[in-house]
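Counting from 11, one number per residue, gives the positions in the sequence shown under my numbering.
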Amino acid sequence: MLTATASGSVISLQASGHGTATVTVSAEDPAGLDVELNFSVTVARSETPNRPPAAGPIPAQSMKVGITRTLDASTYFGDPDLDELTFSAESSDTDVLTATIAGDDLALVAVAQGTATVTVTGEDPGGLWAETEFQATVAPAPDENKPPYVAYEMDPMTFLKGEGSGDLPWFYIKDPDDDFADLDYAVSSSDNSVFRVVRVNPDDHRPRFRGFYVRAKNKEGQATITLTVTDPGGLSATTSVVHSVGNNPPYTKYTPADTVSRAEGEDHVFFLLPFLFFRDVGLFADDDIGDSMTFAVATSDDSVATAIIGDDLLAPYVKVTAVSLGDATITVTATDKGGLSTPVTFVVTVEEGDGGG
Numbered sequence: 011m012l013t014a015t016a017s018g019s020v021i022s023l024q025a026s027g028h029g030t031a032t033v034t035v036s037a038e039d040p041a042g043l044d045v046e047l048n049f050s051v052t053v054a055r056s057e058t059p060n061r062p063p064a065a066g067p068i069p070a071q072s073m074k075v076g077i078t079r080t081l082d083a084s085t086y087f088g089d090p091d092l093d094e095l096t097f098s099a100e101s102s103d104t105d106v107l108t109a110t111i112a113g114d115d116l117a118l119v120a121v122a123q124g125t126a127t128v129t130v131t132g133e134d135p136g137g138l139w140a141e142t143e144f145q146a147t148v149a150p151a152p153d154e155n156k157p158p159y160v161a162y163e164m165d166p167m168t169f170l171k172g173e174g175s176g177d178l179p180w181f182y183i184k185d186p187d188d189d190f191a192d193l194d195y196a197v198s199s200s201d202n203s204v205f206r207v208v209r210v211n212p213d214d215h216r217p218r219f220r221g222f223y224v225r226a227k228n229k230e231g232q233a234t235i236t237l238t239v240t241d242p243g244g245l246s247a248t249t250s251v252v253h254s255v256g257n258n259p260p261y262t263k264y265t266p267a268d269t270v271s272r273a274e275g276e277d278h279v280f281f282l283l284p285f286l287f288f289r290d291v292g293l294f295a296d297d298d299i300g301d302s303m304t305f306a307v308a309t310s311d312d313s314v315a316t317a318i319i320g321d322d323l324l325a326p327y328v329k330v331t332a333v334s335l336g337d338a339t340i341t342v343t344a345t346d347k348g349g350l351s352t353p354v355t356f357v358v359t360v361e362e363g364d365g366g367g
């Protein structure tokens, strides 16, 4: 409703809604003696007529008997006048699921197997309101809690300095009993001077928004990233991987033929990078996080065969054109951001008549 900031001897007040707030101002001298002053600020409603709040959709919830889940109701409502809203909630079947409000927190308690519709209402101080509803499905509690398990190991990766990558814990660790929304997770780095890791939206109950982010510091080295997922019963599973900060050269995804035959006037075209769903067509790759490549091509005899790099298709490509009878050596080089290069060389033989290969 009201924000107060101090800059030197000036106090600035910023009103974001109407109502009354108490502002406390403190002053302290160099000897550590201080004094405190309180005053009230009343923010009047603007002359604009009160407008009703708006409600957005709340995702459907899947829970198991005995689980309690808390959602932030305020994230699903907005008010054009920036009024503070008062929330209420009602479950269509309290024998299946109860719904209660404390401040902005919407608490859902799964009681028994079944389905219930939860209606959430947000009301502004002027009595205008909006509501939204969602369905909650409650499944039976498992007879015996089964622990999470590691479904896939994390792949070791090399990061360029200062680069980062996000990931989802639920891809690597599964749980046979619990919905992902009811699992907790922790992630850590064995050396924060090499890699820093943070959880992203850990309190969001939508699994696709709950993840972690790994960022390389400006120092080469290695660190072990450890991921642990814990279910509501306290059982957990852990997996780890060693990531590196550094630079690796580009590499070739396949070995081209040593010799390519073409007739005069014919072209030989191949892609340098993969594109869309064709992940295996590119000649070069560089898996370092944050890295990219530039390309160059040269011919030993452009009177026999010319070579250019094009970028007017779905991915960069090399086009070699047969000019006259003879042999020419074509060298294609990929260079990464760190200056490391990988060349590929092959011979183009220009023949009379139809070429092949």
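Quick reminder that beta carbons are idealized off the backbone N, C-alpha and C, glycines included.
Same chain, Cβ closer than 6 angstroms to residue i, five either side skipped, listed in chain order
i	result
alanine 25	Leu12 and Val53
aspartate 423	Nothing about residue 423 can be reported from this structure: the residues present for the chain run from 11 to 367 only.
phenylalanine 281	Val291, Gly292, Ala325 and Tyr327
valine 357	Thr269, Asp337 and Thr339
threonine 34	Asn48
proline 259	Leu350 and Thr352
aspartate 311	Ala338
Where the beta strand (DSSP E) through residue i begins and ends
i	result
proline 353	351 to 361
threonine 58	Counting along the chain, threonine 58 falls outside any beta strand (DSSP E), and DSSP gives it neither H nor E.
leucine 335	Segment: none, leucine 335 is in no beta strand (DSSP E) and carries neither H nor E.
histidine 28	First-last for histidine 28: undefined, no H or E at that position.
lysine 74	71 to 74
threonine 372	Outside the shown range of the chain, which is 11 to 367, sits residue 372, and nothing can be said about it.
phenylalanine 49	44 to 53
threonine 85	From DSSP, threonine 85 is part of no beta strand (DSSP E); its letter is neither H nor E.
serine 17	12 to 17
phenylalanine 190	That residue, phenylalanine 190, is in no beta strand (DSSP E); it is neither H nor E in DSSP.
aspartate 277	277 to 281
Cα-Cα separation, residue i to residue j
i	j	result
alanine 305	glycine 256	This sequence places phenylalanine at residue 305; alanine is not what is there. Answer to the nearest angstrom: the Cα atoms are 21 angstroms apart.
alanine 126	asparagine 155	25 angstroms
alanine 112	valine 252	43 angstroms
aspartate 321	tyrosine 327	6 angstroms
glycine 336	arginine 272	10 angstroms
serine 199	proline 179	15 angstroms
alanine 109	valine 20	46 angstroms
glycine 29	valine 75	42 angstroms
alanine 308	glutamate 276	18 angstroms
threonine 316	alanine 332	7 angstroms
tyrosine 261	aspartate 213	41 angstroms
alanine 14	alanine 37	15 angstroms
alanine 344	threonine 265	14 angstroms
serine 313	serine 334	7 angstroms
glycine 231	glycine 174	15 angstroms
alanine 226	lysine 171	6 angstroms
proline 62	valine 51	25 angstroms
threonine 96	proline 284	53 angstroms
glycine 366	glutamate 274	Unreliable positioning characterises glycine 366 in this predicted model, as indicated by a pLDDT of 46, which lies under 50. A coordinate reading is not provided.
valine 354	valine 342	5 angstroms
threonine 7	valine 197	Absent from the structure is residue 7, since the part of the chain shown begins at 11 and ends at 367.
leucine 323	aspartate 134	56 angstroms
serine 22	threonine 32	14 angstroms
proline 59	proline 90	11 angstroms
valine 148	proline 242	16 angstroms
alanine 120	phenylalanine 169	44 angstroms
glycine 348	alanine 267	28 angstroms
glycine 136	glycine 88	15 angstroms
leucine 92	proline 67	19 angstroms
aspartate 192	threonine 234	26 angstroms
alanine 151	serine 302	49 angstroms
arginine 209	alanine 122	32 angstroms
Own chain, CB closer than 7 angstroms to residue i, minus 5 neighbours either side, in chain order
i	result
glutamate 141	Ala65, Thr129, Val130 and Thr131
proline 69	Phe144 and Arg216
histidine 278	Val270, Arg272, Val330 and Val358
leucine 286	Leu324
Residues near residue i by beta carbon distance below 8 angstroms, same chain, minus five either side
i	result
aspartate 115	Thr80, Leu81, Asp82 and Ala83
Legend entry - Length at least 3, wholly inside the segment 88 to 124: the beta strand (DSSP E) runs in chain order: The qualifying runs are 96 to 101, 107 to 112 and 115 to 120.
Inset, instruction - Check whether the segment 194 to 205 touches the segment 280 to 292, taking contact to mean three or more Cβ pairs, one atom from each stretch, closer than 8 angstroms. - result: Between the segment 194 to 205 and the segment 280 to 292 there are fewer than three inter-stretch CB-CB distances shorter than 8 angstroms, so the stretches are not counted as touching.
Legend entry - Cβ contact (3+ pairs, closer than 8 angstroms) linking the segment 171 to 187 and the segment 225 to 240: Flag = yes, the segment 171 to 187 and the segment 225 to 240 touch.
Inset, instruction - Report the residue ranges of all beta strand (DSSP E) runs contained in full by the segment 284 to 319; include only those spanning at least 3 residues, in chain order. - result: The beta strand (DSSP E) runs lying completely inside the segment 284 to 319 and spanning 3 residues or more are 303 to 309, given in chain order.
Inset, instruction - Please list the segments of the beta strand (DSSP E) lying wholly inside the segment 193 to 257, counting only runs of 3 or more residues, in order along the chain. - result: Correct list: 194 to 199, 205 to 210, 221 to 226, 231 to 240 and 246 to 255.
Inset, instruction - Counting only runs of 3+ residues fully inside the segment 121 to 174, write out the beta strand (DSSP E) ranges in chain order. - result: Taken in chain order, the complete beta strand (DSSP E) segments of 3 or more residues contained in the segment 121 to 174 are 124 to 133 and 139 to 149.
Legend entry - Meets three-Cβ-pair contact criterion under 8 angstroms: the segment 157 to 176 and the segment 76 to 84: Between the segment 157 to 176 and the segment 76 to 84, the count of C-beta pairs closer than 8 angstroms stays below three; the two stretches do not touch.
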